[in-house]
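A.B. asks: Next up is a structure, given as structure tokens.
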Amino acid sequence: MAWGPSRLMSPSSNVLARAFSTSARAYKAQGKRATQIAQQSGADHVAAYVPALASPPLTHGVHVATLQLTSNNAKTFELDFFADFAMRAAHALQIPTGGIAMLPIRTTLWTVPRGPFVHKKSQENFWRRVHRRSIKVYDASDITVDRWLHFLRAHEMPGVASKAQLFRRYPLGIGQHMQTAAVAEVDTSAEAVRAMAEDILRMHASE
1 MAWGPSRLMS PSSNVLARAF STSARAYKAQ GKRATQIAQQ SGADHVAAYV PALASPPLTH
61 GVHVATLQLT SNNAKTFELD FFADFAMRAA HALQIPTGGI AMLPIRTTLW TVPRGPFVHK
121 KSQENFWRRV HRRSIKVYDA SDITVDRWLH FLRAHEMPGV ASKAQLFRRY PLGIGQHMQT
181 AAVAEVDTSA EAVRAMAEDI LRMHASE
């Protein structure tokens, strides 16, 4: 007959085991509660020294730019810190923003064999997770947006990549004006065409 752990354990030991597991769960719950209180106190401490963000009011609600921040670091402290820094810099320039949006995490997986021949069936996985944040900017002139982006580029953080998408708006007829200016800059006279042809012939003759 096989003797298992339950047969060798007396009733008193069962009671002790239950008491130990109950106390362990109580200590674990108490530790989680202490951690939550410490985190809350830390957040209150930070909020006491860092003022809350207050975006300037929208005037027309025209979307002029989108700033996207990415980071490959598993800990997103640098990414969140720089996103908050970009928001505060925009508000200092009186640029209305739509807040910090947390985009979905992009996960990429590569599977490669560990070695050739007999080790070919043994494979290894490599994966990368890209954390992203997005900030939309409204009702700002092109010069103000360029200054904001130049300031962020001068104070960028290592490990955080940034990409800006700009939306420029021009008056009607700007295409015709640019085409007319481009045609006016090109000299299409007979002398200019003859000189260009002579340059091309001289270049081929030298070769």
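Read in full-length UniProt numbering, the sequence shown has 124 at position 124, and its numbers run on one by one without any break. Ideal Cβ positions, reconstructed from N, Cα and C, are used throughout, including at glycine. In this text, all values refer to a predicted model and were calculated from it rather than measured experimentally.
1. With a cut-off of 8 Å, do at least 3 Cβ pairs link the stretch 51-61 to the stretch 144-151?
2. Inspect the CB distances between the stretch 114-133 and the stretch 152-159 and report whether three or more fall short of 8 Å.
3. Taking all protein chains shown into account, do 16 or more other C-beta atoms lie within 10 angstroms of the C-beta of Thr-97, making it buried, or fewer, making it exposed?
4. Quick one: grab the DSSP three-state call for Gly-98.
5. Does the Cβ of Val-64 lie closer than 8 Å to at least one heavy atom of the ligand SAH?
6. Find the nearest neighbour of Arg-169 within the set Ala-52, Met-157 and Val-64, judged by alpha-carbon distance.
7. What are the boundary residues of the beta strand (DSSP E) that includes Glu-124?
8. At 3 residues or longer, and completely inside the stretch 160-200: list those beta strand (DSSP E) runs for me, N to C.
9. To the nearest angstrom, how far is the alpha carbon of Phe-81 from that of Pro-104?
10. Near Ile-200, which residues of its chain fall below 6 Å by C-beta distance, leaving aside the five closest residues on each side in sequence?
C.D. replies: A quick look at the data gives this:
1. no
2. no
3. buried
4. strand
5. For the ligand SAH, the structure offers nothing, since it holds no ligand at all.
6. Val-64
7. 123-138
8. 161-166
9. 18 Å
10. none
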